[in-house]
Every structure is written in structure tokens, then in C-alpha cells.
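Residue numbers (our numbering): 126 to 383.
Right under this line is the structure:
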């Protein structure tokens, strides 16, 4: 073989190797592009927005915006400021009374044994009085607590109680007596008795050594309201539940014992 031919073949092989090497390089470059395309983010793609946690101020402002007060729900003297306490009025004005039988003397012993404690016009005030006023317990034997409508007082001689009577509920025992009393107060002053509240003068609790009593004083029974009077007794029995030993209605002029 001639020298010239050998040189040509050698150059051809080198060129052939270089061509395959270039092809391999191109393939390698493509693979690298695919790999890098997964790592390097697309500049045109929108980055996901990370929501930061709201601050305490934001939460408070959101809470204030969510509070809606109906104009016809609260009294007209309420303040538009959000930091002002809201007053929840009750169906009418009620008065707490306390009776100590040791103070019975004079011409009107019953009325003289009564002490006016506090006048209630809204729910907030009611809670304060219930939390601070004396609670019925065995430490106050033969004492009585009352809460009466402002138009009446817990005295049979008062004109609001003439020819009227009361439901007398005798309890099984004195356990949880304060809870039974507080629950009855909240139910009567609240909206539970709203349909018959006009026929209720007040309620009382009378602490006895064994079986204390809850009394619900009503207005005079007539042909128009006798169904309401009967419903009051049924509702009280349901509210107090298994704590009821027995219940009966007594006219004031028939039985004046508690």
C-alpha cells in the first residue's frame, strides 16, 4: 500500500472518531439540558405565594367586623364603641328580696322581715348579683330569698297578691339547692316563661332542715289565664326534674305557711 493511502485512511479514521465524539457530546449536552431543566426554575413561571400568618391586630379587627348588633335588641343608651360592654335587657325590672324571720315584729311582721337587696334590669347585672348575693344553704335555715317583679312584693297582703296563690315545689333533699334556685331564676327572668310571664309575680326559695321549697307566685286565677297558671306548674316541674318530691298549688288565703 502506498504511503499516501495509509495517511488518508488514518485521517479518515481520526475524522470518523471525531464525528462520533461530537455526536456523543451533543447527546450528552441534551441529557444535561434535561437534567438542568428540572433544577433551574422557569423565569416566566409564577412563584407560589406563601401566605403569612395574620397578626393579633388583624385577628382582633376581623373579630370586631364579625360582630353585628341588631338595633332592636339592646337599649338605646348603648355606645357604638366596640370596647364598651353591651347591655342585654330582660323582659321587665326585677327585685331581689331577703327574708329573716328573726326580724318579725310590729304591726306587719312579715313585711318588716323583708329586706330589699338589689334591682335587676339587665342580664349582666343579674349575673353579678347571683355571684355575690347570699346563696341558699343549710347555713341559712328558715331564711328565704325572693326575686319579684317591680310591681309586686313577696307579701300576701300586697294588692298584686290578693285572691292569688303560688305553686309550692318540695324538693327531695337539699343537695345542689343553690343550683336549682339559680337555674329557676335564670329560666323565669329569661325567655323560657315569656308566654306566661305576665301571670308570674315572683319566685322564692325557702331553706328547710330536710326538704327545702321553691315557690312560684302567680297573679289571681281567672277564666282567661287558668291555662297559663297550670302551664307554669308543669314547666317548673320539668325544669327541676327528679329533684321534685311533690308539687301543689296553694291559695294565699288558705295556707300562709312556707
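Ideal Cβ placement from N, Cα and C applies to all residues, glycine included. Remember, predicted model here, so these are calculated numbers, not experimental data.
Inter-residue spacing [alpha-carbon to alpha-carbon] between residue i and residue j
i: residue 399; j: residue 331; result: Since the first residue of the chain shown is 126 and the last is 383, residue 399 is not available in this structure.
i: residue 315; j: residue 227; result: 33 Å
i: residue 303; j: residue 261; result: 6 Å
i: residue 215; j: residue 327; result: 14 Å
i: residue 249; j: residue 325; result: 22 Å
i: residue 360; j: residue 234; result: 33 Å
i: residue 217; j: residue 323; result: 10 Å
i: residue 223; j: residue 270; result: 5 Å
i: residue 240; j: residue 225; result: 8 Å
i: residue 350; j: residue 317; result: 18 Å
i: residue 258; j: residue 301; result: 16 Å
i: residue 338; j: residue 305; result: 10 Å
i: residue 279; j: residue 347; result: 21 Å
i: residue 362; j: residue 373; result: 10 Å
i: residue 256; j: residue 319; result: 24 Å
i: residue 336; j: residue 268; result: 13 Å
Neighbourhood of residue i by C-beta distance below 7 Å, restricted to the same chain and skipping five residues each side
i: residue 334; result: 266
i: residue 371; result: 295
i: residue 321; result: 353, 356 and 357
Of the listed residues the options, nearest to residue i (C-alpha basis)
i: residue 379; options: 324, 276 and 290; result: 290
i: residue 221; options: 274, 228, 215 and 261; result: 274
i: residue 298; options: 304, 368 and 324; result: 368
i: residue 244; options: 238, 219 and 271; result: 219
i: residue 254; options: 307, 239, 279 and 325; result: 307
i: residue 375; options: 234, 365, 336 and 281; result: 281
i: residue 358; options: 343, 300 and 239; result: 343
i: residue 252; options: 366, 363, 311 and 362; result: 311
i: residue 365; options: 272, 336 and 309; result: 309
i: residue 272; options: 256, 377 and 242; result: 242
i: residue 377; options: 256, 268 and 285; result: 285
Interface flag, residue i vs chain C, CB-CB below 7 Å
i: residue 299; result: Here chain C cannot be found, since the structure has a single protein chain.
Boundaries (first-last residue) of the beta strand (DSSP E) holding residue i
i: residue 341; result: 338-343
i: residue 293; result: 290-296
i: residue 372; result: 369-376
i: residue 326; result: 325-331
Same chain, Cβ closer than 8 Å to residue i, five either side skipped, listed in chain order
i: residue 345; result: 287, 288 and 289
i: residue 283; result: 277
Residues near residue i in its chain [Cβ-Cβ closer than 6 Å; skip 5 each side]
i: residue 340; result: 291, 293 and 329
i: residue 313; result: 328
i: residue 192; result: Because the pLDDT of residue 192 is 39, which lies under 50, any placement of that residue in the model is unreliable, and the question is left without a value.
i: residue 246; result: 218
N- and C-terminal bounds of the alpha helix (DSSP H) containing residue i
i: residue 364; result: 351-365
i: residue 309; result: 302-314
i: residue 282; result: Per DSSP, residue 282 belongs to no alpha helix (DSSP H) and is neither H nor E.
i: residue 237; result: 234-237
inquiry  = Ignoring anything shorter than 4 residues, give me the alpha helix (DSSP H) runs that lie fully in the stretch 239-278, in order along the chain.
reply    = 248-257
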